[in-house]
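Here the structure comes first, spelled out in C-alpha cells, and everything after it is commentary.
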Amino acid sequence: MREVSGLQAVRGMNDMLPDQTHVWQQLERILHETFTAYGYREIRLPVLERTELFARSIGEETDIVSKEMYTFDDRNGDSLTLRPEGTASCVRAGIQHGLFHNQQQRLWYLGPMFRYERPQRGRYRQFYQAGVEAVGWPGPDIDAELIVLTSRLWRGLGLASPALQINSLGSSACRATYREQLVEYLGKFADHLDRDSVRRLNTNPLRILDSKDERTQEILAGAPSILDTLETDSREHFEGLCGHLDACGIGYQINPRLVRGLDYYNRIVFEWVTDELGAQGTVCAGGRYDGLVEQLGGKPVPAAGFAVGLERLVDLVRDQRRSHPAGPDVYVVSLGEDARRAGLCLGERLRDAGLTVQQHCGEGGLKNQLKRADKSGAEFALLLGDDEIAQNAVTVKPLRVLDGQQNVPVDDVVTALNKLLNR
Ligand code: HAM
Numbered sequence: 449m450r451e452v453s454g455l456q457a458v459r460g461m462n463d464m465l466p467d468q469t470h471v472w473q474q475l476e477r478i479l480h481e482t483f484t485a486y487g488y489r490e491i492r493l494p495v496l497e498r499t500e501l502f503a504r505s506i507g508e509e510t511d512i513v514s515k516e517m518y519t520f521d522d523r524n525g526d527s528l529t530l531r532p533e534g535t536a537s538c539v540r541a542g543i544q545h546g547l548f549h550n551q552q553q554r555l556w557y558l559g560p561m562f563r564y565e566r567p568q569r570g571r572y573r574q575f576y577q578a579g580v581e582a583v584g585w586p587g588p589d590i591d592a593e594l595i596v597l598t599s600r601l602w603r604g605l606g607l608a609s610p611a612l613q614i615n616s617l618g619s620s621a622c623r624a625t626y627r628e629q630l631v632e633y634l635g636k637f638a639d640h641l642d643r644d645s646v647r648r649l650n651t652n653p654l655r656i657l658d659s660k661d662e663r664t665q666e667i668l669a670g671a672p673s674i675l676d677t678l679e680t681d682s683r684e685h686f687e688g689l690c691g692h693l694d695a696c697g698i699g700y701q702i703n704p705r706l707v708r709g710l711d712y713y714n715r716i717v718f719e720w721v722t723d724e725l726g727a728q729g730t731v732c733a734g735g736r737y738d739g740l741v742e743q744l745g746g747k748p749v750p751a752a753g754f755a756v757g758l759e760r761l762v763d764l765v766r767d768q769r770r771s772h773p774a775g776p777d778v779y780v781v782s783l784g785e786d787a788r789r790a791g792l793c794l795g796e797r798l799r800d801a802g803l804t805v806q807q808h809c810g811e812g813g814l815k816n817q818l819k820r821a822d823k824s825g826a827e828f829a830l831l832l833g834d835d836e837i838a839q840n841a842v843t844v845k846p847l848r849v850l851d852g853q854q855n856v857p858v859d860d861v862v863t864a865l866n867k868l869l870n871r
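Given below as C-alpha cells:
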C-alpha cells in the first residue's frame, strides 16, 4: 500500500485552496446576480449520466465523446459517464420533468465537468462551468440577450471585455451542402493537410476549420465560406442578431471558420476569446441548438445557450486585478486592553453594516499587528489606541495606497469606509 503522504490529486484535477476560494466565491456571486438580473433560474443536475445521453447529443465523432469522456460500467453493468458539459443534462432534465411543455425556460447551472484532455494552463480534466440555457425562443433576440448578458458579466467582474466572435452554421441542410463543398476543396490538398485533418475529412470535416496547423490554415484561407451557403431563414436570423448587437453597442467579429466541438449546434455559434490566457483563450462559448430537445426525445423546441469556463475566468480576474486585495475590508489593530474591547465592539458594528472585518487577536505591538493586517489582504487597517479612545475616534490607515491616513469619529466610520471602498 502507498503511504498517504505520497498520494496526489489525480492529474488535471485541482484542489482549490483557501487563498483561492475567495475569488471563486466572488465570481460565483456575480454570476448568480447577473443570471438573476435577466430572469434565469438555477437548475442543479447530477454529475453522472447515462453514456448514451452524451453520445446522442454531443455526437459520436466529436473529440469529447470519442476520446475524452470518463466512462465506466456501474455495478449493474450500466454505462455511465461523468458529464463533460451541462447542456445535454439540462435538456435531459427538462424533458424528463416536463419543463419544456408549452413553456419557455431560462435556466442556469454551475458545477464541475470532466474531460480527459491533455492538461495545461486553462485546460483541466475536472473544470467548472457556469452555463445558461434559454429554451423555447426561436428568434435572434434571445441569442442577443445571451450575448448582452455575458457582456454585462465582464463589466460586473471588472474585466476588459474579451473579443466576441460569431458565426452561423445554418440549418442541417445547408451544413450538408457546405460539408460537400469543403470536402471537395480540401480533398485537392489532402497530401498537405495535417494528420488530424486528413482523418477528419471523412469523419467531421467542419472541425478542420479550426485546425491550428499552419499549413492547413494556409490552405483554409482559400476555402469556401459557410456563410455563403446559408439559406434565407438562417441568413435573416444571423443578420437579425448582428442588428441587435449593433443596437446594443456590442462589438463582434464575424468568423466564418468558427465551428464548435459539439455536434448539436445550428445557426448562431459564438465564442468570447482573450489573448491573455495563452493557448486556451476561449472563456465562454455557446450557440443555438434547435434540434437537440427533439433529438433527445422531447417535442421540437428551439434553444440556445452558452457556458463560461470558470478556471479561465478566475485566471483573467486575477491577472487583471492583481492589485485587488484578497482579504477583508478592514483589519482592526488595537493597542491596550481598553482599545481591544472598543475594537471588538467596533468590529461588530462594522459587520452589522455589511463590512468584512478581521480582528487582531492575541499578542502584538503596532508594528507586528500592521504586518499581519497587510498579510490579511485587508484594504484598510483601523487603529485604536489610548488617543483614539479618548477622542472616541479611530485612525483609518489605507494599506494598499501610500497616503490618506485619517482620523474619523467612531460614529462616522461606516460612512467613511463605504465611501473609501466605493460602495
Ligand atoms: P465548450 O466550448 O465545450 O461548450 O465549453 C465551454 C467553455 O468551458 C469553454 O469555452 C472553456 O472556457 C471551458 N472549458 C471547456 N473545456 C475545458 C477544460 N478542459 N478545462 C477548462 N475549461 C474548459 C460547452 O460545453 C457547451 N455545453 C456550451 C453551451 C451551453 N452551448 C450551449 N449551451
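Numbered as in my numbering, the sequence shown ends at 871 without a single skipped number. C-beta: ideal position from N, C-alpha, C; glycine also. Computed from a prediction, not measured in an experiment: that's the story for all the values here.
Check: residue i C-beta below 7 Å from any heavy atom of the ligand HAM
i, result
"residue 575", "yes"
"residue 872", "Lying before the first or after the last residue shown, residue 872 is absent from the chain, which here runs from 449 to 871."
"residue 731", "yes"
"residue 535", "yes"
"residue 724", "no"
"residue 755", "yes"
"residue 572", "yes"
"residue 710", "yes"
"residue 737", "yes"
"residue 581", "yes"
"residue 759", "yes"
"residue 734", "yes"
"residue 490", "no"
Spatial distance of residue i from residue j (CA atoms)
i, j, result
"residue 526", "residue 517", "15 Å"
"residue 596", "residue 698", "8 Å"
"residue 461", "residue 530", "13 Å"
"residue 758", "residue 463", "14 Å"
"residue 848", "residue 827", "6 Å"
"residue 566", "residue 573", "8 Å"
"residue 642", "residue 528", "34 Å"
"residue 502", "residue 583", "19 Å"
"residue 497", "residue 482", "28 Å"
"residue 822", "residue 663", "53 Å"
"residue 860", "residue 775", "23 Å"
"residue 870", "residue 568", "37 Å"
"residue 677", "residue 802", "56 Å"
"residue 901", "residue 668", "For residue 901 there is no data in the structure shown, the boundaries of the chain being 449 and 871."
Best match in the options for proximity to residue i [C-alpha to C-alpha]
i, options, result
"residue 544", "698, 741, 681", "741"
"residue 766", "542, 503, 608, 732", "608"
"residue 817", "835, 778, 804", "778"
"residue 804", "657, 796, 737", "796"
"residue 736", "569, 588, 523", "588"
"residue 564", "521, 554, 459", "459"
"residue 491", "506, 480, 738", "480"
"residue 576", "566, 582, 562", "562"
"residue 842", "824, 864, 546", "864"
"residue 594", "539, 494, 692", "692"
Residue burial classification, residue i (beta-carbon count within 10 angstroms, cutoff 16)
i, result
"residue 598", "buried"
"residue 808", "buried"
"residue 711", "buried"
"residue 622", "buried"
"residue 682", "buried"
"residue 814", "exposed"
"residue 687", "exposed"
Cutoff 8 Å: residue i Cβ touching any chain D Cβ
i, result
"residue 652", "Considering every chain present, this structure includes no chain D. It has just one protein chain."
Inter-residue CB distance, residue i and residue j (contact presumed, cutoff 8 Å)
i, j, result
"residue 700", "residue 612", "4 Å"
"residue 761", "residue 731", "6 Å"
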